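Since the structure comes first, as structure tokens, the remarks are kept for the end.
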Amino acid sequence: MNNIKRIINCLFQLFVFTDGEVGNTKAVVDLVKRHAHSHRCFTFGIGEGASSALVNGMAEGGSGHPQFITGSERMQPKVMQSLQFALHPVAKDIAIKWNVAAGMTVNPLSPPVNMLFNLQRVIQYFQLTEQVCSLSTNTVYCKDINFSLNPSIKQSYHSNNMM
């Protein structure tokens, strides 16, 4: 590895295949995070015993994508998907901000999305609630809620450009 010359402004694409037999998961994930400025890490957990903490942690820390291959699953489709992800930019630090009327709250029902790859689908669920001051009982309130999406792009991360 010492003889490999670094190409300026290019990220290394690291593909890690593991059965999860690692005794120092936190140290490995921390190492990946420390070098995230120079590479992206795509991970593959092989078999039923693959450590999800290791596979997910390395992929998240290295702006890559985790894959798990168990039982009789074919490896090729998952490797090809990760190769496609490695060839395209990734959106990071995704945030959803709500501007709702006073008295209304938005509660996320899904875990936050940290990264989004080209052609990757994400479904997020939120619960909108509104406080209604009323003394009556057994009353049902129906109200239409309209909203629009206005995405904004702050940064983009390319597989071949370091930001």
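Numbered by mature numbering (1 follows the signal peptide of the UniProt record, and there is no 0), the letters in the sequence shown go through residues -20 to -1, 1 to 143 in order.
Think of the CB as a built atom: it goes at the ideal place given N, C-alpha and C, for glycine as much as any other residue.
Treat the numbers as computed from the prediction; the structure is a model and nothing was measured.
Determine the burial state of M55: buried for a count of at least 16 other Cβ atoms within 10 Å of its Cβ, exposed for fewer.
The residue given as residue 55 occupies position 75 in the sequence shown. Taking all protein chains in view, the Cβ of M55 is surrounded by fewer than 16 other Cβ atoms within 10 Å, so the residue is classified as exposed.
Inter-residue spacing [alpha-carbon to alpha-carbon] between G2 and V12
Counting from 1 along the sequence shown, the entry for residue 2 is found at position 22. Counting from 1 along the sequence shown, the entry for residue 12 is found at position 32. The question names Gly, but residue 2 is Val in the sequence shown. Each residue's Cα considered, the two are about 14 Å apart.
Using alpha carbons as the reference points, say which of A81, P91, G29, V(-5) lies closest to T109.
Counted from its first residue, the sequence shown places residue 109 at position 129. For the residues A81, P91, G29, V(-5), the minimum Cα distance to T109 belongs to A81.
Considering only residues of the same chain and omitting the five flanking positions on each side of A39, which have a CB-CB separation below 8 Å?
Translated into the one-based positions of the sequence shown, residue 39 becomes position 59. So the list reads C21, F22, T23, H45, P46, once near-sequence residues are dropped.
Where N4 falls: helix, strand or coil (DSSP)
Residue numbering aside, residue 4 sits at position 24 when the sequence shown is read from its first letter. In this structure, N4 counts as coil in the three-state DSSP scheme.
Does DSSP put M142 in a helix, a strand or coil?
Here residue 142 refers to the residue found at position 162 of the sequence shown. Note on M142: pLDDT 40, under 50, position unreliable in the model; the coordinate value appears next. Secondary structure at M142: coil, using DSSP grouped into helix, strand and coil.
Could you name the residues of the same chain whose beta carbon sits closer than 6 Å to that of N98, not counting the 5 residues immediately before and after it, in chain order?
The count along the sequence shown starts at 1 and reaches residue 98 at position 118. Cβ-Cβ distances below 6 Å link N98 to H68 in the same chain, with the five nearest sequence neighbours on each side left out; the list follows chain order.
For F(-9), the residue or residues it bridges with in DSSP
For the purposes of this step, residue -9 is identified with residue 12 of the sequence shown, where counting begins at 1. DSSP lists H19 as partners of F(-9).
Contact check, I26 vs T(-3), beta carbons under 8 Å
Position 46 of the sequence shown holds residue 26. Position 18 of the sequence shown holds residue -3. Yes.
Is the distance from the Cβ of L96 to the Cβ of I76 below 8 Å?
For the purposes of this step, residue 96 is taken as the residue at position 116 of the sequence shown. For the purposes of this step, residue 76 is taken as the residue at position 96 of the sequence shown. No, Cβ-Cβ distance for L96 and I76 is not below 8 Å.
Cross-strand partners of M95 (DSSP beta bridge)
Position 115 of the sequence shown, counting from 1, holds the residue named residue 95. K72.
Cβ neighbours of N36 in the same chain (closer than 6 Å, five flanking residues each side left out)
Counting from one through the sequence shown, the residue named residue 36 turns up at place 56. Non-local beta-carbon contacts of N36 in its own chain, meaning distances under 6 Å to residues more than five positions away in sequence, involve P46 in chain order.
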